[in-house]
Every structure is written in C-alpha cells, then in structure tokens.
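Report on the structure given below.
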Amino acid sequence: RLLQRSKDEL
Amino acid sequence: MNVFRLLGDISHLLAIIILLLKIWKTRSCAGISGRSQVLFAVVYTARYLDLFTSYISAYNSIMKLVFLAASYGTIYLMFIKFKASYDHNHDTFRIEFLILPCVLLSLLINHEFSPLEILWTFSIYLESVAILPQLFMVSKTGEAESITSHYLFALGSYRALYILNWIYRYYAESHYDVIAIVAGIVQTVLYCDFFYLYITKGIYGQ
Chain G
2 RLLQRSKDEL
Chain X
641 MNVFRLLGDI SHLLAIIILL LKIWKTRSCA GISGRSQVLF AVVYTARYLD LFTSYISAYN
701 SIMKLVFLAA SYGTIYLMFI KFKASYDHNH DTFRIEFLIL PCVLLSLLIN HEFSPLEILW
761 TFSIYLESVA ILPQLFMVSK TGEAESITSH YLFALGSYRA LYILNWIYRY YAESHYDVIA
821 IVAGIVQTVL YCDFFYLYIT KGIYGQ
C-alpha cells in the first residue's frame, strides 16, 4: 500500500 | 477522503471562483498572470485525462470537470474577452524554463513509465511551480489588489491542506506518494513569502 500513486486525489 | 483533503479541495475551488469573479466583476485581468493560468490549464489537462478512463467517484469526476472548465474559462476571459486589460509588460516570466525541466524530470522520476503516468507526474511537477509567474508579477508590480491576494491565499492554502491530508493518509492508511508530497511541499514553500506578507500586511496597496 506504500508508495502508490494517489489516484483518488485531485 | 478526509477533512484535510476536503478543505483543500474547497480552498482550491474557492480560489478559482474568486479569480473568475474578480475578472468578470471588474471586467479586467489587471495584476493576474496569464502565463500562470496557462500553466494551470496544462496541469489540469495533463492530470485529468484519466477522467475518461477511470471512474473514481462522482465527486472526483465533477471536481475535475469544474477545474478544467474554470481554468479554460479564465484563459478565455483573459486572452479573448478582456484581452485589453491583460498586463503584458509585467507578465514576463519565461514559462519554458518551467515546462522543460518538468518534462525531463517526469521522464526520469515517475512511478511507472506509461503515457498516463508520465503526464500525471509532469502535471504534479508543473503545478508546484505554476504560480511562479504570478508571484513574479506581484513582486514586479510591488502590489496586488486585495481580491488577488485572497485568490493567492486560497490557492496556496489548498496544497498546504493537502500536506496535512498526506500526513493523515500516512498514519491512517499507511499510504504515501513521494512524488506528490515532495512537489506539494515545494509548491507550498513557494507561497511562504506571500503568506507572510498577506498575514502581516495584507499586501494590497502597499
């Protein structure tokens, strides 16, 4: 879960 | 979603609305950097391409559409409708010196070497420096209308709130994104000088 692209953020 | 990110998005939305209202009401874009607005439109276009490929939530999709519409709307108002009031002489920051390094960096440092991912990374890097032409213009003219300084305060606060969101997500969801965090810190640090002036003096008219 670490260091993944924050896809849900604007 | 957490309260920091929600407040950040609201602050971001507020900034964009303040800017649109300022230009529309005063029918002038004096003191506003068109170059920064072009950079923001590039940032949102590069970042929100996944609008068509991945659905996250109604909120996410609607906000992306609003940010895209507002940034292109601002450009329309500045470069077409109220072009006469655009201050060319003071909006001179060389944005190619911002875009090229961000392109190179996004090709070198990214999470995954795929088109959508590179574009997202490029948009993250570019957003962190996109306000420089605007801050440069304010420093050159030596002042900003109060409405413009409120715009900058809301815009600067949005990414500062996102930093709190990333801290929260690290502890609550053990999730973190180094690229977004480092760029977000750079972006917020760039506003520090302005925040100081805004809070101590209210930089308008000085």
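These protein sequences, in sequence, are chains G and X. The first sequence begins at 2 in our numbering and counts up by one. The second sequence begins at 641 in our numbering and counts up by one. Every residue, glycine too, gets a C-beta built ideally from N, C-alpha and C.
Contact set for residue i: own chain, Cβ-Cβ below 7 Å, skip 5 residues either direction
i	result
Ser668 (chain X)	Phe722 and Ser725
Ser676 (chain X)	Ala770, Ile771, Pro773 and Gln774
Alpha carbon of residue i to alpha carbon of residue j, nearest angstrom
i	j	result
Ile807 (chain X)	Ser7 (chain G)	13 Å
Leu647 (chain X)	Ile656 (chain X)	14 Å
Leu702 (chain X)	Tyr816 (chain X)	A small fix is needed here, since residue 702 (chain X) is Ile in this sequence, not Leu. Cα-Cα distance, rounded: 24 Å.
Thr797 (chain X)	Val769 (chain X)	Before going on, a small fix: residue 797 (chain X) reads as Ser here, not Thr. In a straight line, the C-alpha of Ser797 (chain X) is about 15 Å away from that of Val769 (chain X).
Gln846 (chain X)	Ser651 (chain X)	Only weak support is given to the placement of Gln846 (chain X): the predicted model assigns it a pLDDT of 48, under 50, and the value that follows is read from those uncertain coordinates. About 25 Å.
Phe598 (chain X)	Phe776 (chain X)	With chain X covering 641 to 846 only, the question about residue 598 (chain X) has no answer from this structure.
Tyr836 (chain X)	Arg799 (chain X)	16 Å
Ile749 (chain X)	Lys665 (chain X)	42 Å
Ile739 (chain X)	Glu813 (chain X)	33 Å
Phe737 (chain X)	Pro773 (chain X)	11 Å
Val778 (chain X)	Tyr716 (chain X)	22 Å
Leu679 (chain X)	Tyr712 (chain X)	11 Å
Cys742 (chain X)	Thr761 (chain X)	9 Å
Ile771 (chain X)	Leu830 (chain X)	8 Å
Tyr699 (chain X)	Val706 (chain X)	10 Å
Asp731 (chain X)	Ile839 (chain X)	25 Å
Sequence-distant residues of its chain with Cβ nearer than 6 Å to residue i (five each side left out)
i	result
Ser763 (chain X)	Val683, Ala686 and Arg687
Lys704 (chain X)	Tyr688 and Leu691
Helix, strand or coil at residue i [DSSP, three-state]
i	result
Tyr810 (chain X)	helix
Ala770 (chain X)	coil
Leu647 (chain X)	helix
Tyr695 (chain X)	coil
Tyr798 (chain X)	helix
Thr828 (chain X)	helix
Ile758 (chain X)	helix
Tyr838 (chain X)	helix
Asp833 (chain X)	helix
Ile749 (chain X)	coil
His728 (chain X)	helix
Tyr684 (chain X)	helix
Asp690 (chain X)	helix
Leu11 (chain G)	coil
Glu736 (chain X)	helix
Ser673 (chain X)	coil
Asn642 (chain X)	coil
Phe722 (chain X)	coil
Ser668 (chain X)	coil
8 Å Cβ shell around residue i - same chain, five flanking residues per side excluded
i	result
Ile825 (chain X)	Ile803
Ala823 (chain X)	Ile764, Tyr765, Glu767 and Ser768
Glu757 (chain X)	Asn750 and His751
Partners in chain C for residue i, counting only beta-carbon separations shorter than 8 Å
i	result
Ile696 (chain X)	Among the protein chains of the structure shown, namely G and X, there is no chain C.
Chain-ordered residues of the segment 643–668 of chain X with a beta carbon less than 8 Å from chain G: Within the segment 643–668 of chain X, the qualifying residues are Arg645, Asp649 and His652.
Selection of the segment 732–750 of chain X by Cβ proximity to chain G, strictly under 8 Å: Close to chain G, meaning a Cβ-Cβ distance shorter than 8 Å, is no residue of the segment 732–750 of chain X at all.
Residues in the segment 814–834 of chain X having any Cβ partner in chain G nearer than 7 Å: Across the segment 814–834 of chain X, CB contacts with chain G closer than 7 Å involve Ser814, His815, Tyr816, Asp817, Val818 and Ala820, in sequence order along the chain.
Selection of the segment 773–791 of chain X by Cβ proximity to chain G, strictly under 8 Å: For the segment 773–791 of chain X, there are no residues whose beta carbon sits under 8 Å from a beta carbon of chain G.
Proximal residues, the segment 699–713 of chain X versus chain G, C-beta separation under 8 Å: For chain G, the residues of the segment 699–713 of chain X that bring a beta carbon within less than 8 Å of one of its beta carbons are Asn700, Met703, Lys704 and Phe707, in chain order.
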